[in-house]
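> To convert, count from 1 in the sequence shown and add 532; that's our numbering.
C-beta: ideal position from N, C-alpha, C; glycine also.
Can you read through this structure? Questions will come right after.
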Amino acid sequence: MDSVAVTRRTDVDEAEAMNTNRSDKLDRGAADLLALMRREPGRVVSGASLSRELGVSRTAVWKRVNRLRALGYGIESTQSAGYRFVGAPDTPLAEEVQLDLATDLIGRDVCYRPSIDSTNALAVEMARKGAAEGTVVVADRQILGRGRLGRSWVSPAGCNLYVSILLRPPMAPAAIPQITLMTAVSLQAVLSQSAALPVRIKWPNDLWVGKRKIGGILTEMASEMDQIRYVVVGFGVNVNLTADALPEQLQHTATSLSLETGRTWPRVPLLRSILRALDEDYASFCREGFAPFRSRFIQESMTLGRRIRVRTPEGETAGRALDITEQGALRIRRDDGSTLDILSGEVTVLPESPAGEQRRAGIRLNADRLCVEVQACFWLSILETPTRCWGFSRGPN
Ligand code: BTN
Numbered sequence: 533m534d535s536v537a538v539t540r541r542t543d544v545d546e547a548e549a550m551n552t553n554r555s556d557k558l559d560r561g562a563a564d565l566l567a568l569m570r571r572e573p574g575r576v577v578s579g580a581s582l583s584r585e586l587g588v589s590r591t592a593v594w595k596r597v598n599r600l601r602a603l604g605y606g607i608e609s610t611q612s613a614g615y616r617f618v619g620a621p622d623t624p625l626a627e628e629v630q631l632d633l634a635t636d637l638i639g640r641d642v643c644y645r646p647s648i649d650s651t652n653a654l655a656v657e658m659a660r661k662g663a664a665e666g667t668v669v670v671a672d673r674q675i676l677g678r679g680r681l682g683r684s685w686v687s688p689a690g691c692n693l694y695v696s697i698l699l700r701p702p703m704a705p706a707a708i709p710q711i712t713l714m715t716a717v718s719l720q721a722v723l724s725q726s727a728a729l730p731v732r733i734k735w736p737n738d739l740w741v742g743k744r745k746i747g748g749i750l751t752e753m754a755s756e757m758d759q760i761r762y763v764v765v766g767f768g769v770n771v772n773l774t775a776d777a778l779p780e781q782l783q784h785t786a787t788s789l790s791l792e793t794g795r796t797w798p799r800v801p802l803l804r805s806i807l808r809a810l811d812e813d814y815a816s817f818c819r820e821g822f823a824p825f826r827s828r829f830i831q832e833s834m835t836l837g838r839r840i841r842v843r844t845p846e847g848e849t850a851g852r853a854l855d856i857t858e859q860g861a862l863r864i865r866r867d868d869g870s871t872l873d874i875l876s877g878e879v880t881v882l883p884e885s886p887a888g889e890q891r892r893a894g895i896r897l898n899a900d901r902l903c904v905e906v907q908a909c910f911w912l913s914i915l916e917t918p919t920r921c922w923g924f925s926r927g928p929n
């Protein structure tokens, strides 16, 4: 009698799970089966032993297998022998992202959506409803991906990373630009190390390889006068995007890891590396402040030392990018000799005269005593192109 009752309850659970958790989340039953099969990858395990270990009917096992397959898990089956786990999908499902993640804060909760308007929009909604600090929202595709300055972010399915992280730093709103810059520094480090690419940061938060944009960051927040309520740090990284998936106007200004390296990059391990780096960097930012990130930003900046034009809400100005201040502002020396600190704006890198190249190298050495010569070769190849046309952000239609 007991076993009938158990079987019936299990079948109801399975049916419910199939209806409610169709594509975005593993239900408990499928997750248990996955954990079991993962223990013996490549080995055939009989349906009978799986049903015994899980305490459910063989039909329930079969239904769970089908749910896993629907999410992209590779599970082979033979009528007589049983099931064999052959691999996980490269989809940023919560279970995959959290596997061996081992972070303290970021990614303790992961919310995956196969398709969403914007991960930032959902993360903001979750923040308002009290979601925990460190919650990660990740999607396979965005329909209304948001870029900076009201632009859209091209977000096709199955190839890139679209991620938003909810933070609740115990700080005043003045820390927001620093958090954005800290995120840029973390992403730059992971992308350049993982793919051995010369990824550079264009102030405030664009990631570039050569003359093309590979990623961007969008920070949204709510705060009281002297205390941040929440910050949502959203980032998009083009991982396996192909040129033909880009709209015409971005064909020559955007790139991806695969376009740069000629190979495909698994997204899930890359996302885990990014979350680990952010977990560590955010903890150190909360402990030690912005100073270490300021140095790292200066080191990896492609803006400092350059002649630039900046468009801010107050108007447009031109000059030379001198420094990143302790607040995270971009300090420029204007053509009339005065200096100006800018916290938010749109930068256009301008071409250099030969004399300007020398001045630029001097400024950079003063700023951080770094290897100017090596980076100058890289910078020299940057042409004058307005930022707004570069990267993945499309102007409002
Ligand atoms: C930029 O304009 O450079 C910033 C782009 C930020 C895009 C990311 S993708 C994940 C997150 N969700 C969004 O809607 N936007 C950010």
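Quick one: using the 10 Å Cβ neighbour count with 16 as the cut-off for buried, is L676 buried or exposed?
In the sequence shown, the residue the question calls residue 676 occupies position 144. Counting Cβ neighbours within 10 Å, L676 comes out exposed, since fewer than 16 surround it.
> Following a CB-centred definition, is T651 positioned closer than 7 angstroms to any heavy atom of the ligand BTN?
In the sequence shown, residue 651 corresponds to position 119, counting from 1. Yes; taking the cut-off as 7 angstroms, the Cβ of T651 has a heavy atom of the ligand BTN nearer than that.
> Rounded to whole angstroms, what is the Cα-Cα separation between Y644 and G614?
As a first step, residue 644 must be located in the sequence shown, where it is residue number 112. As a first step, residue 614 must be located in the sequence shown, where it is residue number 82. Y644 and G614: Cα-Cα distance of roughly 30 angstroms.
> Taking 8 angstroms as the threshold (C-beta atoms), are M834 and K734 in contact?
Numbered from 1 along the sequence shown, position 202 holds the residue referred to as residue 734. Numbered from 1 along the sequence shown, position 302 holds the residue referred to as residue 834. It is a contact, given that the beta carbons lie within the stated cut-off.
> Checking 8 angstroms against the spacing of the C-beta atoms, do G662 and R616 come in under that value?
Indexing the sequence shown from 1 puts residue 662 at position 130. Indexing the sequence shown from 1 puts residue 616 at position 84. No; because the gap between Cβ atoms is not below 8 angstroms, this pair is not in contact.
> For A602, report the span of its alpha helix (DSSP H) as first-last.
For this step, residue 602 is matched to residue 70 along the sequence shown. Note, A602: alpha helix (DSSP H), R590 to A602.
> Going by DSSP, what residue range makes up the beta strand (DSSP E) through A853?
Translated into positions along the sequence shown, residue 853 becomes position 321. Segment G847 to I856, the beta strand (DSSP E) holding A853.
> Run the proximity test for D636: is its beta-carbon closer than 7 angstroms to any non-hydrogen atom belonging to the ligand BTN?
Here residue 636 is taken as the residue at index 104 of the sequence shown, counted from 1. D636: no, Cβ never under 7 angstroms from the ligand BTN.
> Where I638 and V763 are concerned, what is the direct C-alpha to C-alpha distance, given to the nearest angstrom?
For the purposes of this step, residue 638 is identified with residue 106 of the sequence shown, where counting begins at 1. For the purposes of this step, residue 763 is identified with residue 231 of the sequence shown, where counting begins at 1. I638 and V763: Cα-Cα distance of roughly 13 angstroms.
> Are L854 and I864 touching if we call contact CB-CB under 8 angstroms?
Position 322 of the sequence shown, counted from the first residue, corresponds to residue 854. Position 332 of the sequence shown, counted from the first residue, corresponds to residue 864. In this structure, I864 lies closer than 8 angstroms to L854 by Cβ.
> So R866 and L872 are supposed to be a Cβ contact under 8 angstroms. How far apart are they, rounded?
Locating residue 866 in the sequence shown gives position 334, where the first residue counts as 1. Locating residue 872 in the sequence shown gives position 340, where the first residue counts as 1. Yes, R866 and L872 are in contact; Cβ-Cβ is about 6 angstroms, under 8 angstroms.
> What first and last residue would you give for the alpha helix (DSSP H) that runs through F767?
Working through the sequence shown from its first residue, we reach residue 767 at position 235. From DSSP, F767 is part of no alpha helix (DSSP H) but of the beta strand (DSSP E) over I760 to V769.
> With contact counted as at least three CB pairs below 8 angstroms, one residue from each stretch, are the region 795-802 and the region 746-761 in contact?
Short answer: they don't touch.
> Using the DSSP secondary-structure output, state which residues sit across from Q674 in a beta bridge.
Taking the sequence shown and counting its residues from 1, one reaches residue 674 at position 142. Q674 pairs with I648.
> To which residues of the same chain is L729 closer than 6 angstroms at the C-beta, ignoring the five residues directly before and after it?
As a working mapping, residue 729 is identified with position 197 in the sequence shown. The answer, listed in chain order, is V741 and E792.
> Give the straight-line distance between the Cα atoms of A664 and E848, rounded to the nearest whole angstrom.
By 1-based counting over the sequence shown, the position of residue 664 is 132. By 1-based counting over the sequence shown, the position of residue 848 is 316. Cα-Cα distance, rounded: 40 angstroms.
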